[in-house]
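There are 2 protein chains.
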Amino acid sequence: MVTNRVLATPAEDAFCSIERTLGIVGERWTFLILREALTNGATRFADFVDVLGIAPNILTARLNTLVESGVMEKQEYRENGSRARQSYHPTEAGKQLLVVLGALGQWGDDYIPPKCGVTQSRETTDGHQPLRVGFVENPKDLVDVEDVTFVRLPSHPKYNAA
Amino acid sequence: MVTNRVLATPAEDAFCSIERTLGIVGERWTFLILREALTNGATRFADFVDVLGIAPNILTARLNTLVESGVMEKQEYRENGSRARQSYHPTEAGKQLLVVLGALGQWGDDYIPPKCGVTQSRETTDGHQPLRVGFVENPKDLVDVEDVTFVRLPSHPKYNAA
Numbered sequence: 003m004v005t006n007r008v009l010a011t012p013a014e015d016a017f018c019s020i021e022r023t024l025g026i027v028g029e030r031w032t033f034l035i036l037r038e039a040l041t042n043g044a045t046r047f048a049d050f051v052d053v054l055g056i057a058p059n060i061l062t063a064r065l066n067t068l069v070e071s072g073v074m075e076k077q078e079y080r081e082n083g084s085r086a087r088q089s090y091h092p093t094e095a096g097k098q099l100l101v102v103l104g105a106l107g108q109w110g111d112d113y114i115p116p117k118c119g120v121t122q123s124r125e126t127t128d129g130h131q132p133l134r135v136g137f138v139e140n141p142k143d144l145v146d147v148e149d150v151t152f153v154r155l156p157s158h159p160k161y162n163a164a
Numbered sequence: 003m004v005t006n007r008v009l010a011t012p013a014e015d016a017f018c019s020i021e022r023t024l025g026i027v028g029e030r031w032t033f034l035i036l037r038e039a040l041t042n043g044a045t046r047f048a049d050f051v052d053v054l055g056i057a058p059n060i061l062t063a064r065l066n067t068l069v070e071s072g073v074m075e076k077q078e079y080r081e082n083g084s085r086a087r088q089s090y091h092p093t094e095a096g097k098q099l100l101v102v103l104g105a106l107g108q109w110g111d112d113y114i115p116p117k118c119g120v121t122q123s124r125e126t127t128d129g130h131q132p133l134r135v136g137f138v139e140n141p142k143d144l145v146d147v148e149d150v151t152f153v154r155l156p157s158h159p160k161y162n163a164a
């Protein structure tokens with residue numbers, strides 16, 4: 003069930019695919035949750051809280067929406083001596099949202115670069131070739147999202163963080 | 003001046019390009035205003051109100067943010083017997099946000115298609131070749147946004163509208 007907290011039309015009823023997608027990912031914080039999940043490998047509730055500074059009740063709500071929408075899925079994990087907890091992992095559909103994040107990041111780099119210089123690059127995972135995001139006629143020209151990595155550059159404040 | 007109404011960090015201070023971009027376009031309604039401007043040629047205040055059903059005070063605020071951010075620019079127009087009014091036109095930077103809209107629309111088509119079928123396609127303007135959005139290694143493989151058209155399909159409720 004996709005519920006709508008952003009747009010006037012319930013997301014599942016919108017005829018426009020942009021509008022339906024925003025019904026899932028267009029909420030406050032959701033893009034940043036996806037950024038952490040898709041580009042930095044965050045999976046645990048505490049990972050998201052630590053890096054985003056998001057309020058736990060809002061994080062719970064946004065993660066639930068992403069799970070209900072089929073963008074993320076829950077798994078159970080247990081650390082020594084602790085109760086079982088849930089971790090959150092992008093589904094195949096969720097992984098494809100890297101294209102949206104790439105388009106947002108590229109536009110920011112191109113038109114509103116930070117004063118300290120661009121802090122992250124989008125590259126092929128194996129060859130470290132820089133990538134652009136855009137429209138193509140031939141789908142064979144596309145690099146699969148599985149082969150794309152967002153790499154922190156030295157100007158990134160967490161360049162040396164795990 | 004980019005002001006921030008979405009994210010915890012002021013948009014102009016965020017080191018992350020995704021976050022800075024969302025500081026401009028990530029607000030409620032803003033994506034849909036851009037959709038109308040970039041894919042349907044809406045330019046006048048009344049165009050946006052009519053098609054989106056957006057409250058005029060919210061529309062004013064969102065258009066002002068887009069103008070202040072360099073995404074849209076104002077022009078003056080005058081109809082017979084009326085006072086001068088402002089129209090709103092995407093800048094070069096604004097036009098490049100079509101890549102973000104394309105990525106959002108493609109994901110919605112791929113993973114949450116509407117019951118009535120997909121309502122809009124992304125095509126080359128001249129040859130009507132279908133387009134995909136994604137990552138490429140060679141920028142020469144990209145189709146310029148000026149050569150991209152979003153085309154309403156028969157399942158679109160406004161298929162025959164101007």
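Taken in order, these protein sequences are the chains called A and B. Residues in the first sequence are numbered consecutively from 3, following our numbering. Residues in the second sequence are numbered consecutively from 3, following our numbering. Note that the Cβ used here is the ideal one computed from N, Cα and C, for glycine as well. A quick note: this is a predicted structure, and the numbers were derived from the prediction, not measured.
- From the listed residues B:A39, B:P141 and B:R80, the smallest Cα separation to L61 (chain B) is found for B:A39.
- Segment contact: the stretch 70-79 of chain A against the stretch 137-148 of chain A, fewer than three CB-CB distances shorter than 8 Å; contact not assigned.
- Close CB contacts of L100 (chain A) within its chain, under the 7 Å cut and outside five residues either way in sequence, are with L40, V147 and V150 (chain order).
- For the pair V102 (chain A) and R87 (chain B), the Cα-to-Cα distance works out to about 35 Å.
- If you draw a 10 Å sphere on the C-beta of C18 (chain A), you find 16 or more other C-beta atoms in it, and that means buried.
- Among the residues facing chain A, H158 (chain B) is included, as its CB has a counterpart in that chain under 8 Å away.
- DSSP links V53 (chain A) through a beta bridge to no other residue.
- In this model, C118 (chain B) and S157 (chain B) are separated by some 6 Å (Cα to Cα).
- Listed in chain order, the beta strand (DSSP E) runs fully inside the stretch 75-102 of chain B are 87-92, counting runs of at least 3 residues.
- Around A48 (chain B), no beta-carbon contact reaches into chain A at under 7 Å, the shortest distance being about 18 Å.
- Of all residues in the stretch 54-67 of chain B, the ones placed with a Cβ closer than 7 Å to any Cβ belonging to chain A are G55, in chain order.
- Annotation: G107 (chain A) to I20 (chain B) spans about 4 Å, alpha carbon to alpha carbon.
- Residue range V150 to R154 is occupied by the beta strand (DSSP E) that includes V150 (chain B).
- Non-local beta-carbon contacts of L133 (chain B) in its own chain, meaning distances under 7 Å to residues more than five positions away in sequence, involve R124, E125, T126, V145 and V150 in chain order.
- Looking from the CA of G136 (chain B), the closest CA among A:A105, A:L54, A:I26 and A:N66 belongs to A:A105.
- Per DSSP, the continuous alpha helix (DSSP H) segment holding E38 (chain A) begins and ends at T32 to T41.
- Spanning the alpha carbons of A16 (chain A) and N82 (chain A) requires a straight line of approximately 46 Å.
- At a beta-carbon threshold of 9 Å, the residues of chain B lying near S19 (chain A) are L106, G107, Q108, W109, G110, D111, D112, I114, P115, P116, V120, T121 and Q122, ordered along the chain.
- Excluding sequence positions up to five before and after P58 (chain A), its CB lies within less than 7 Å of the CB of V51, all in the same chain and listed in chain order.
- Listed along chain A is no residue with a C-beta nearer than 7 Å to that of T127 (chain B); the closest approach is about 11 Å.
- F152 (chain B) places its beta carbon 8 Å or farther from that of L24 (chain A).
- Measuring C-alpha to C-alpha distances from N66 (chain B) to each of B:N42, B:G55, B:Q131 and B:L36 identifies B:L36 as the nearest.
- For R134 (chain B), the enclosing beta strand (DSSP E) has its first and last residue at R134 to V138.
- Beyond the five residues adjoining it in sequence on each side, L155 (chain A) comes within less than 8 Å, by CB distance, of G119, V120, T121, Q122, S123 and Y161 in the same chain, given in chain order.
- The residue among B:G129, B:V138, B:L54 and B:D112 with its C-alpha nearest the C-alpha of G96 (chain A) is B:D112.
- Contact with chain A is absent for D52 (chain B), since none of that chain's Cβ atoms lies less than 8 Å from the residue's Cβ.
- With a cutoff of 8 Å on beta-carbon distance, E29 (chain A) and R64 (chain A) are scored as near each other.
- Taking a contact as a CB-CB distance under 8 Å, the pair G55 (chain B) and R22 (chain A) does not count as one, their CB atoms being some 17 Å apart.
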